[in-house]
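Trainee: First residue of the sequence shown: -17, per the numbering used here; consecutive thereafter.
Dropping a structure here in structure tokens format, bear with me for questions.
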Amino acid sequence: MSNLVARLLTAVVVVPVLLYSLFWAPWWAFFSIAMAASAASAMELSGMTLAGHRGLQVWSIIAALGVFAVFYFAPSSLAVTSTVLAVVALGFLLALFAPDPIESAGNRMGWLVVTPLFAGGMLSAIAQLHRLDHGGAWVVLSMMLAWFGDTGGYFAGRAFGKHKLYPKVSPKKTIEGAVGGAAASIGGALLAHFWYLPDLPLLHAIALGLVASIVGQAGDLTISLIKRSTGFKDSGFIVPGHGGLLDRIDALVMTGFATWLYAVWFLPPS
């Protein structure tokens, strides 16, 4: 099966399931999808950064699921703060007593803390978007911000790209592509404002599109940096035709978090 055929088949299966879970299924359907994505992201991230340490990888996945659940079901400041501190403390203890070279202990400590908070906390934010009034539309917006940015950046880079953005990490990305991606993300936010999300004011749409583009591209570059520094071509193999899940949702994790922060700060309580 060619890579293109695998990608098309994946889209044919995933897109209808995702849309159904967002707009017509019970709340737990999208919650389950987001939680599964959290576990898969933790598995891929720890597989790259904690390669060869199976026990620590399992801890990262379990901790990510715990963070996801606490952030979703008990989003009070005390619960969130306690969870973050617990992840930090347990991560340090596991790294301290792991039977591995002392020289790499600092690296292990860092990833045992970062992985659960990134895979659990950030993806929980996307699940929490779905709890808002018109939650499905807000989740779709976060996806549009990521995928419009990716697509716009690709075509702008192909057409106008001359100046490298971060060649040591992603040799093909250009400044012109980044600008095109930002314009496309803003366009996606404006489309949402005029089409299906009137709760998103015009100026807010422009600002959110710009911010989401910046953090989305940062997420893309961060995963690229991790892959390059650990010697992995793809983050995994879970998505046929695409490689790993993080290869597909690296920008979405960040745009989803940015959209959730906007909703928390600017939307009136429902």
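Here a beta-carbon is modelled for each residue, glycine too, at the ideal position from N, C-alpha and C.
The beta strand (DSSP E) spanning LEU147 covers which residue range?
Mentor: Its beta strand (DSSP E) spans residues 146 to 148.
Trainee: Considering only the beta carbon of each residue, do GLY134 and ALA166 sit closer than 7 angstroms?
Mentor: Yes. Within cutoff.
Trainee: For the alpha helix (DSSP H) that LYS209 lies in, which residues bound it at each end?
Mentor: Where LYS209 is concerned, the enclosing alpha helix (DSSP H) stretches over 184 to 212.
Trainee: Which class does PRO98 belong to by DSSP, given the choice of helix, strand or coil?
Mentor: Three-state DSSP puts PRO98 in a helix.
Trainee: In the DSSP assignment, find the unbroken alpha helix (DSSP H) run with SER106 in it and report its ends.
Mentor: It spans 105 to 111 - the alpha helix (DSSP H) in which SER106 sits, taken as one unbroken run.
Trainee: Mapping the DSSP letters down to three states, classify SER58 as helix, strand or coil.
Mentor: Coil, per DSSP.
Trainee: Looking only at C-alpha atoms, which of GLY163, LEU227, ASP132, VAL69 sits nearest to GLY29?
Mentor: Taking only the C-alpha atoms, the option nearest GLY29 is LEU227.
Trainee: Please state whether the Cβ-Cβ distance between ALA109 and ALA24 is less than 7 angstroms.
Mentor: No, they are not a contact pair.
Trainee: Please check the pair LEU111 and THR241, which I expect to be a contact at CB under 8 angstroms, by giving their CB distance rounded to whole angstroms.
Mentor: At roughly 6 angstroms, the Cβ-Cβ gap stays under 8 angstroms, so LEU111 and THR241 are in contact.
Trainee: What does DSSP give as the partner residue(s) for SER152 in the beta ladder?
Mentor: BP columns for SER152 point to TYR148.
Trainee: In angstroms, rounded to a whole number, what distance separates the CA positions of SER152 and THR65?
Mentor: About 34 angstroms.
Trainee: ALA(-7): buried (16+ other C-beta within 10 angstroms of its C-beta) or exposed?
Mentor: Exposed.
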